[in-house]
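Down below is the structure, laid out as structure tokens.
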Amino acid sequence: NNQVAPPVSARIPDYACQRHTPLQHHNTKFTDALEILEKYADLRYDDQDYSRALAFRRASCVLKSLSRPLSRLSEIQNVTHIGSHSQKVIQEILEDGTSEEVEKICADPWFQKMKLFTAIFGIGPARAKEFIAKGWSSIQEVRDGCTSSDWRIQWGLAFHEDLTTPVTRAEADYILGVVRRHVDRVLPGAVMELTGGFRRGKQTGHDVDILIMHPLENKIIGALPRLLQSLQSHDIVLCGRHERSTYHEELLTQNTKLSPRGQLDHFEKWIGIIKVPNKIRIKNDQSDKTSSHQLGNNKCNTDMKENKDKCENRNFQSDKNTDSCKRDVGNESVLYQRQEDTLDSGSAISDSLEDVWESLDKASSSSSPSHGNPREVKASQGDWIARRVDLIISPFSQFFYALVGWTGSKQFNRDARTYAEREMNMKLSSHGLYDFNQGKQLVASSEREVFDNLKLPYFEPQDRNC
Ligand code: TTP
Ligand code: MN
Ligand code: MN
Ligand code: MN
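Numbering (the working numbering), first residue to last: 2 to 467.
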């Protein structure tokens with residue numbers, strides 16, 4: 002077949018949320034380079050100049066969505082998101098296989114130190130720069146010299162090796178299983194989703210993101226503190242911080258300024274570190290060598306079986322034909338039906354919310370975790386590894402927007418939000434979608450409806466890896 006393929010540029014939509022962006026693609030030699038430039042710009046320049054980093058990210062995203070390897074620059078010359086700097090780098094790689102600029106950046110000691118330090122849980126670019134200014138260049142020097150009382154930095158430093166060892170899919174499934182057992186106890190009928198990179202099909206991640214909701218809108222009140230208490234009483238939690246919800250309805254229409262490095266949302270959540278037995282990860286390593294796809298299902302056989310039994314006794318269960326309920330979403334429109342709330346709406350809700358939050362603030366041990374001294378815990382570490390976990394709890398009415406938001410990727414969200422604003426005159430967030438044309442909120446009772454409301458074709462989580 003010697004027909005010339007049509008130029009790829011003719012088929013590339015402007016927004017990443019309009020394109021298939023699979024995990025495995027054909028242009029890694031370009032996207033790896035562009036993502037180094039993105040990272041460098043992100044670390045080098047101040048927040049207000051995040052646009053430089055974004056330009057490389059956008060270019061990289063376009064290349065990830067191409068259905069074949071790029072062979073000539075002319076194929077993408079007129080693509081909106083590939084600027085002149087990115088084009089230059091792509092051209093260099095097309096000609097020489099590498100980019101001199103990227104090679105230089107990789108060899109730059111400043112860049113290496115910034116990457117090392119910003120990989121510490123709780124350390125951002127500003128503090129990493131302070132460390133470099135002090136002349137530090139290793140984790141040990143930071144451990145010896147850093148006096149911060151921030152719980153994240155203290156635990157992050159003590160467990161740095163653990164936390165920079167990639168979390169495997171089997172561990173994510175295990176954590177989901179453990180959390181589910183405790184959720185079943187403290188919030189029966191709740192629905193849970195593994196979100197973040199794992200939901201997009203990644204085999205490893207830097208943390209485990211779990212979204213929780215209950216089909217009764219008000220049932221989630223007080224549930225997260227109960228869940229944490231339950232987890233803590235089983236000696237699973239190392240440290241963490243509970244954040245109360247800061248959501249209010251005006252946020253749906255307000256033009257909130259998004260932070261450059263991510264989209265803040267206003268859900269009640271817990272950000273912390275838990276223990277996972279080493280054997281979970283090791284089993285995963287072994288099966289990784291043979292079949293990497295099935296291992297997620299094979300790993301937690303006991304957990305999964307137990308979960309399945311529980312699921313089948315609940316209203317909200319997974320597809321009975323599959324052998325696990327690690328994802329509660331089978332056919333979401335059937336599974337997620339809103340139930341009538343038993344609580345009166347209005348003041349009763351806010352009163353009880355206030356009570357819960359007040360008691361949380363009193364028992365603020367959860368906000369400055371006191372589960373021992375991080376260094377001492379590390380010194381007496383048993384046969385487990387520390388893992389970062391995010392637990393997010395969403396009201397039913399916001400759940401599918403939360404699911405899209407927490408599934409990501411960050412760039413997918415960024416483009417979906419820009420698209421909503423510029424093309425649809427709507428405001429999209431993890432809490433909902435507001436249509437300024439109609440002057441009202443658009444509800445969604447499935448993930449698909451989120452896309453429908455935005456007049457976007459539906460993309461599976463695996464195709465949102467921009
Ligand atoms: P992350 O866990 O930061 O990213 P990830 O899961 O995509 O990648 P990794 O494998 O490295 O963990 O965030 C999960 C998703 O949640 C992300 O795609 C964007 C979204 N998100 C929010 O909506 N709000 C937030 O405050 C954060 C931190 C993330
Ligand atoms: Mn994640
Ligand atoms: Mn991340
Ligand atoms: Mn996360």
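For glycine and all other residues, C-beta sits at the position ideal for the given N, C-alpha and C.
Under the three-state reduction of DSSP output, W407 falls in the helix class. Within 8 Å of the C-beta of H207 there is at least one heavy atom belonging to ligand 2. When the five nearest sequence neighbours on each side are left out, the beta carbons in the same chain lying within less than 7 Å of the beta carbon of W385 are those of K276, V277, P278, N279, in order along the chain.
The closest CA to that of N28, considering only S138, M214, C62, is found on C62. Taking C-alpha positions only, S138 is separated from S447 by approximately 48 Å. In this structure the stretch 29-46 touches the stretch 91-105; the number of beta carbon pairs closer than 8 Å is three or more. Membership of Q442 in the beta strand (DSSP E) is indicated by the continuous run 441-443. Under the 10 Å beta carbon count, S410 is surrounded by 16 or more other beta carbons and is classified as buried. With respect to I393, D210 sits close: the two C-beta atoms are nearer than 9 Å.
The three-state secondary structure of L55, taken from DSSP, is helix. Residue burial is scored here from C-beta neighbours: Q412 has at least 16 other C-beta atoms within 10 angstroms and is therefore classed as buried. Inclusion of M214 and F400 in the CB contact set at 9 Å is warranted, their separation being smaller than that value. Here the C-alpha atom of D436 lies approximately 34 Å from the C-alpha atom of D208. By alpha-carbon distance to T408, the top candidate from G206, V238, S398, N438 is G206. Within the stretch 63-121, the complete alpha helix (DSSP H) segments of 4 residues or longer fall at 85-97, 101-108, 110-119, listed in chain order. Annotated as distal: I91 and Y175, with beta-carbon spacing of 9 Å or more. At the C-beta level, D266 and G406 come within 9 Å of one another. The three-state reading of DSSP puts I274 in strand, counting E and B together. Under the three-state reduction of DSSP, P226 is assigned to helix. Our two residues, M425 and F268, have alpha carbons roughly 25 Å apart in a direct line. The straight-line gap separating the alpha-carbon atoms of L55 and A159 is approximately 32 Å. Straight through space, the alpha carbons of Q439 and I121 are spaced by roughly 46 Å.
A straight line joining the alpha-carbon of L67 with that of I221 spans about 42 Å. DSSP places L455 in the coil class of the three-state scheme, outside both helix and strand. Residue range 238-244 is occupied by the beta strand (DSSP E) that includes E244.
Here H243 is buried, its C-beta having at least 16 other C-beta atoms within 10 Å. W271 places its beta carbon less than 9 Å from that of L229. If you check the CB distance, G84 and A60 come in under 9 Å. In the displayed model, R181 falls within a helix according to three-state DSSP.
Relative to ligand 2, D43 has its C-beta separated by 8 Å or more from all heavy atoms. DSSP places E194 in the strand class (E or B) of the three-state scheme. Looking at the DSSP output, L434 sits in a beta bridge with L429, L443. A straight line joining the alpha-carbon of P23 with that of G373 spans about 42 Å. Bridge partners of V209 according to DSSP: V390. In this structure, ligand 1 has a non-hydrogen atom nearer than 8 Å to the beta-carbon of F199.
In terms of CA proximity to H235, H183 leads the group H183, E450, G123, S395.
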